[in-house]
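Enquirer: Here it is, the structure, as structure tokens.
There are 2 protein chains.
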Amino acid sequence: MTIKNNKLTSDDVKTLNQYWALANYISVGQIYLLDNPLLKEDLRLDHVKPRLLGHWGTTPGLNLIYIHLNRIIVETKSKLLYVTGPGHGGPALAANTYIEGSYTKHYPDIQKNEDGLKKLFKQFSFPGGIPSHVAPEIPGSINEGGELGYALSHAFGAVFDNPDLIAACVVGDGEAETGSLAASWHSNKFINPIEDGAVLPILHLNGYKIANPTILARIPEDELINLFNGYGYEPIWVESTDVNEIHQLMADAFDKAVHTIKSIQQSAREHGFTDRPVWPMIIMKTPKGWTGPKTFDNEPVEGNWRSHQVPFKDLHGHPERLELLDTWLKSYHPEELFDSKGRIKTNINKFIPDESLQMGMSPHANGGKLTVPLVLPDVTDFNISFDSRGYEKTSATRILGQYLAAVMDLNRANFRVFGPDETASNRLDALYDVTDKTWVAEKHEDDIHLQANGRVMEILSEHTCQGWFEGYLLTGRHGFFSCYEAFINIINSMATQHAKWLKVSSQEICWRKPIPSLNYLLTSHVWRQDHNGFSHQDPGFINHLANKDPQVIRLYFPPDANTLLVIGEQVLRSTNKINVIVAGKQPQLQWLNMEEAKNHCQQGIGVWDWASSSDIKSPDLIMACAGDVPTIEALAATKILNKLLPNLKIKFVNVVNIMTLANPSSTSEGLTDKEFNEIFNLQVPIIFAFHGYPSMIHRLIYNRSCHANFHIHGFNEEGTTTTPFDMLVLNKLDRFNLVKNAILRLKNIKNEATIIADMDHKLYRHKNYIVEKGDDLPEVKNFIWD
Amino acid sequence: MTIKNNKLTSDDVKTLNQYWALANYISVGQIYLLDNPLLKEDLRLDHVKPRLLGHWGTTPGLNLIYIHLNRIIVETKSKLLYVTGPGHGGPALAANTYIEGSYTKHYPDIQKNEDGLKKLFKQFSFPGGIPSHVAPEIPGSINEGGELGYALSHAFGAVFDNPDLIAACVVGDGEAETGSLAASWHSNKFINPIEDGAVLPILHLNGYKIANPTILARIPEDELINLFNGYGYEPIWVESTDVNEIHQLMADAFDKAVHTIKSIQQSAREHGFTDRPVWPMIIMKTPKGWTGPKTFDNEPVEGNWRSHQVPFKDLHGHPERLELLDTWLKSYHPEELFDSKGRIKTNINKFIPDESLQMGMSPHANGGKLTVPLVLPDVTDFNISFDSRGYEKTSATRILGQYLAAVMDLNRANFRVFGPDETASNRLDALYDVTDKTWVAEKHEDDIHLQANGRVMEILSEHTCQGWFEGYLLTGRHGFFSCYEAFINIINSMATQHAKWLKVSSQEICWRKPIPSLNYLLTSHVWRQDHNGFSHQDPGFINHLANKDPQVIRLYFPPDANTLLVIGEQVLRSTNKINVIVAGKQPQLQWLNMEEAKNHCQQGIGVWDWASSSDIKSPDLIMACAGDVPTIEALAATKILNKLLPNLKIKFVNVVNIMTLANPSSTSEGLTDKEFNEIFNLQVPIIFAFHGYPSMIHRLIYNRSCHANFHIHGFNEEGTTTTPFDMLVLNKLDRFNLVKNAILRLKNIKNEATIIADMDHKLYRHKNYIVEKGDDLPEVKNFIWD
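First to last, the protein sequences are chains D and R. If you read the first sequence in this note's numbering, its first letter stands for residue 1, the second for the next number, and so on. If you read the second sequence in this note's numbering, its first letter stands for residue 1, the second for the next number, and so on.
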């Protein structure tokens, strides 16, 4: 690719300056004005919003970058995506998409005239309008930036397998202090210049956060350059406080950056991948709140943290401030920007891209438009068959790994697997039969499965994995994230933000198309943390998600390999969900054949006849369970009870999809009361062995009429490094404690005391045995059903 | 301070090598051996543990560092603390504290003889023994490292206000990939060389994680150096694969590092603080699993990720592997290390510090030993007085800020306040009357409140704030963390790890003294996110903590300024807790005078007589609430009901400490059933207005006999940028919806339909008003009680 010498003409500078004034004017208008958008009338208090809510400080910088990206798009016909790290600068993105026309394409009610401008201004941060952040409502956005730190990993996620896409990612120097952002700079070790696109990070060094200077703005320039060299980038420095000078500097910097990106890509695509490239980045040092009020109340505002939000407020209480606003707005010369009908009159067309290349029209930012459904192999081909139930021991996740490998093989360029250095540990290594791990850093001779075009992505940062995955999904592709159950809590808050994005985009924004679901496999779970112990024992992620919109959340506990396969297929087909699958990686007993597994998973909950007594219409006891390990214990307890009390009628219930327990008014997954009561009867004690915290079940069944019959065993925050069975005993989720509780809840058991004593004796033997031998009792380890 | 030229003698090298061999032998012994600790007998299968659980890879490096730190302690009499980032290398820390004698001081049962060695070996990662990680059980530790990423921020937290302490912090190159760790390098911009100690980071570049190379080991050396220069450090490079050469290099590096640290401190302490110093760090590049098996099954182990855990396992299934273990163990020449009674015979005494300086004896690592209780001012001095209830509008957190300022003034060098750039936004800025913000980076002329000796610590990384705070607490000091409610979820998992640490250290380890509590103020809460919106609306942190050991967790919802003051004092007095206080920063109505506030907070829950009907022995309805905004709505609803139904008997209940609702068997805070039923009666509908998710209350009262009477209003994940009252309406927590629900739950209300229609009309008026005016109805905004 050749780039013209881009020395801007003085006309260009003037035009760009007008373009920027236009964007800034429309930004300030959104923050302040309820009416009189063109300042045709003298500004009055009733033209000003009663509650002034928004963020000015970052906005002029975001505008400047948008404009210069548009210039380079026009120049080079590049496909660009704008990722707004300082997402609180919402006015900038609304302004720019309005100017280029993409806003009106998405919201025909907001036309490019006086009425449209008035509506645009009023709706911002106004009840019934749009949020003040770059929320899903904004065309062209895949990153809200409400909770800071994820812009860069989202940008990288967006460009994987999009070789022609450049994600221009604005990183605020405030956001740059967060952990997730600090880690994500290293994503450049995972970009394949042949098959992936590129990220152009733009560090906006405006110097201040809410109320403090930023760290990166207060270290020497050479130290900052070193930092980014150390992260593997070649920084291009742009610095000015002169509105005329800045455009030339920006144009040069963007030319250089895009030219370097294209050269790197061209070279790799022509000659093959050799070494990790050093990608360009831009450091843009400009004043915070640039072009806004210089001071207010004798305190500095421009170039200071005081410009972060609304530079001056409470005009209704201080009408004299109206003049400040008037002066500020008029400094952009609206009469030169708009004609009398509110149409943009300044001639900036030469810097506005064709519609198909406008960033607000990017199909990548409305990823569902580009989604190609996965070609999914038949899970039956991966079926674990067995002669008798509860005999065959298989690692369920290993089988799932084989299935995922087949999915990978059928869907190259459309599917990736993510994990924090745990993919093999989680037994998904069959994937390496069909692909490798993404790796463009240095390689050693004895390395295995590391390739620039590998499709399993591992970095020891859960935040970066999650951010990449979200970026990949938001741009319409598919994926799978496996993680130790305890450590997925590290990204609790990221999952919250994604759930909020999904809720809003699926329920409130008609132009946003459904995107593939965010699928988690949580394994190495609380019950099998053999060498790790208490710090690795936490099943709380599901509780966290259960607080989010239940239409978005699905929580699955497949009890064996075949059910895991069925659920695996199901989640890969779904859209606009966060699916959590909890399943252990250790070899465990198998219970259902494929046909049964399919039926069971379709219902999400069911009675297992083969584990129940013959007459289950009127049982004496219900033994229920959710989770692979609890299922084993519940079955073992059932077997003990069958032996001790042959006449006891036990109904055995297994729950795969625990949202079936929830109130049907909150989620479509919830059983009706009739269905629920048919399964759980009305007057029978229910011993429920659950994988996670008992409170999770309590809250789901709170409104069910028979909920007082439930006696829930689960994780009670007791743990250490010990044997698998001892972990269950510590939390009273083991078979013996289940039997004890069943006996206590049943009435009229003649030999109650004897049975309790017998169970206590078994627990006593267990404790002695493990302290002496360091291993579980053989009778417990070798339990089989038949 | 002068340092001798530390060129080691060849005898020194030999001794250090033996010392290292000793530590490595004791490490391998812990991982593998059940018996025969001195290899006096030929190694048999029954000497080997049945379940081999632990991590070898990082261990020899941790040992090497420990030994060389001991050398420098002996040499310079420095006070050092060892912070183990790769905390899964538990055997190293157990081995080294055993060798120096501090382990036996803490656990007299483990003597330095054959029996003690046998016990030490057996207990490791064994039921009834010690966890495999550097858990609270290990003397000298303040950092477990189970969940990676917090070592460096813990280390910095430990040295604030400890001018003589050096925290040597080992950072694994795996951990270095995490977000929290990547951000925490910048902590050096917050170290005051005069009043704080120093952190010596030691990046252990052993090249591999669980199953992958690390990023930092696969970038060019100059890039890595640039990265750390960019982070503001001067790296000292130590690299070798030669066991004889390494000691000299390590000694030189540690000499240089400690010398530089002391020079920096001396200069600042003599001449005053001028510029931020460039602190030294060490990059130690040595093979992973060094001195272990070179290969296994023809695959590389030493210097490879395959050494990460137990290099070869299942000896019982493969008895031929016994020889490999025997060879490995004997490579350390145990016969030279121990005498026949298992006493250490190799003469390493010259490198073992005096007991008072041994890292395993550091009082800083058992911080409660050093805790000086805070001198607390009388909250009555900060009392908000008022003539009539519900008239005075005051920002509760602003008053708390004045109290915290007084606390700060009385407890310099013992108290710090932490926050992610939100201290002023959260209205705690009275603190700046008595102190400044910690800042040692560059300053500009117009900066305010930035000083090297400031005691308010702000960085836009919740992880770093939390890590600093934990490190400060774990070393026995006090603090306070204020944060937007939504974004505290970013450190959910860190709070989990701290809760686990507190549970174990307070309930299971008798030598660990109580440490001051971790106190959170969550403000800018879900109901007042005026300019931020949905991404900032999440009250889920309390749900997350409620899953942890209830003896460790306290959750407070003070309804006004005086109650906030009382709770503030209470949490600052407490130990071994995680206290969460949720209170808004906006000016709100005041309800209780100081005397009432004290009584109310002492009970944690209470009937407000003045808001109740005259006859509350047998009420018709209970109006209950927890949280400042819900209290206003519940009172407003009560007032509406009083007016509409003058004969209706309403009992008004406010909950400050929501753990009072919990089952008393799970927490000492829980009301007995008798107390609970006295407050909530038995047959009366209870309308409960709650600050957070209703599920939080459901799970707490699940076992209370009257729980079916509770009708809980709270946050239902509905939100956007809108008016404060509209947020309540969106979630049906507003006064009108509370009244509607009360009417529906009450029987025999004659004019039921009229009242419902009236409330619906008010809601309709509200919606119209906000969409038109962008503000709340005056009647709602100006509600007063009297």
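All residues carry an ideal CB built from backbone N, CA and C; glycine is no exception. As the structure is a computational prediction, the values presented were derived from the model and not from experiment.
(1) Looking at K649/D and S613/D, is the spacing between their C-beta atoms short of 8 Å?
(2) Could you tell me whether the Cβ atoms of H711/R and I687/R are closer together than 8 Å?
(3) What are the residues of the stretch 174-186 of chain D that lie near chain R, defined by any Cβ-Cβ distance shorter than 9 Å?
(4) Curious, which full-length beta strand (DSSP E) runs of at least 3 residues does the stretch 356-423 of chain D contain?
(5) Got a sec: which bits of the stretch 529-546 of chain R sit with their beta carbon under 9 Å from any beta carbon on chain D, in order along the chain?
(6) Beta-carbon separation of T15/D and N347/D under 8 Å?
(7) Quick check on W305/R: does DSSP put it in helix, strand or coil?
(8) Can you pull the chain R residues whose beta carbon is under 7 Å from the beta carbon of D775/D, in chain order?
(9) Quick check: the Cα distance between W511/D and A268/D, rounded to an integer number of angstroms?
(10) Determine the direct distance from the alpha carbon of M659/D to that of N790/D, and round the result to whole angstroms.
(11) Just reading off the alpha helix (DSSP H) that L733/R is part of, what are its end residues?
(12) Let's see if you can read the secondary structure: which residues bound the alpha helix (DSSP H) around G179/R?
(13) With distances taken between CB atoms, is the gap from A198/R to L80/R smaller than 8 Å?
(14) To the nearest whole angstrom, what separates the beta carbons of I770/D and D726/D, a pair I think is in contact under 8 Å?
(15) Compare the C-beta of R554/D with all C-beta atoms of chain R and state if any pair is closer than 8 Å.
(16) Any beta-carbon of chain R closer than 8 Å to the one on D734/D?
(17) Tell me whether E819/R sits in a helix, a strand or coil according to DSSP, three-state version.
(18) Does DSSP put Y107/R in a helix, a strand or coil?
(19) Considering just the uninterrupted stretch of the beta strand (DSSP E) at G172/D, what are its terminal residues?
(20) Scan the stretch 655-681 of chain R and note each continuous alpha helix (DSSP H) run of 4 residues or more that stays entirely inside, going in chain order.
(21) With 8 Å as the C-beta to C-beta threshold (strictly closer), list the residues of the stretch 441-456 of chain R near chain D in chain order.
(22) Measure the alpha-carbon distance for M594/R versus T563/R and round it to whole angstroms.
(23) Can you name the residues that DSSP bridges to H711/R?
(24) Kindly list, in the order they appear in chain R, the residues whose Cβ is closer than 8 Å to that of Q698/D.
(25) Residues of chain D with a CB under 7 Å from the CB of G232/R: which are they?
(26) Determine the extent of the beta strand (DSSP E) in which A452/R is found, giving its start and end residues.
(27) According to DSSP, simplified to helix, strand and coil, what is A636/D?
(28) Checking 8 Å against the spacing of the C-beta atoms, do A499/D and V552/D come in under that value?
(29) Whole angstroms are fine: how far does the CA of I679/R sit from the CA of L34/D?
(30) Could you check whether the Cβ of S240/D sits closer than 7 Å to any heavy atom belonging to the ligand FAD?
(31) Output, in chain order, the set of chain R residues within a Cβ distance shorter than 7 Å of H463/D.
(32) Below 8 Å on the Cβ atoms is my contact criterion, and I expect I578/R with G367/R to pass it. Report the Cβ-Cβ distance as a whole number of Å.
(33) Note down, in chain order, each residue of its chain lying with its Cβ closer than 6 Å to the Cβ of N709/D, except the 5 sequence neighbours on either side.
(34) Using beta-carbon positions only, say whether Y98/R and L120/R come within less than 8 Å of one another.
(35) Please go through the stretch 579-618 of chain R and give each complete beta strand (DSSP E) segment of 3 or more residues, from N-terminal end onward.
(36) State the beta-bridge partners of M759/D as determined by DSSP.
Expert: Looking at the atomic coordinates:
(1) yes
(2) yes
(3) G174, E175, A176, E177, T178, G179, S180, L181, A182, A183, S184, W185, H186
(4) 393-395, 415-419
(5) D530, H531, N532, G533, F534, S535, H536, Q537, D538, P539, G540, N543, H544, A546
(6) A contact, by the Cβ cut-off of 8 Å.
(7) Looking at W305/R - three-state DSSP - the assignment turns out to be helix.
(8) P50, R51
(9) 37 Å
(10) The first residue shown for chain D is 1 and the last is 786, placing residue 790/D beyond what the model contains.
(11) No alpha helix (DSSP H) holds L733/R; DSSP gives it neither H nor E.
(12) 179-184
(13) no
(14) 5 Å
(15) No, because no Cβ of chain R sits closer than 8 Å to the Cβ of R554/D.
(16) no
(17) Residue 819/R cannot be examined here, being either before or after the span of chain R that is shown, 1 to 786.
(18) coil
(19) 165-172 is the extent of the beta strand (DSSP E) around G172/D.
(20) Correct list: 673-680.
(21) A441, E442, K443, H444, D446, D447, L450
(22) 8 Å
(23) I687/R
(24) First, the amino acid is wrong: residue 698/D is His here, not Gln. H698, R699, Y702, listed in chain order.
(25) By Cβ distance, chain D contributes I219, E223.
(26) Unbroken run through A452/R: none, as it is neither H nor E.
(27) helix
(28) yes
(29) 49 Å
(30) For the structure depicted, the ligand FAD is absent and the ligand set is empty, with no information on it obtainable.
(31) G179
(32) In fact, because the Cβ distance is near 16 Å, the residues do not count as touching under 8 Å.
(33) P685, I686
(34) yes
(35) 587-589, 605-607
(36) Answer by DSSP bridge pairing: none, since M759/D is not bridged.
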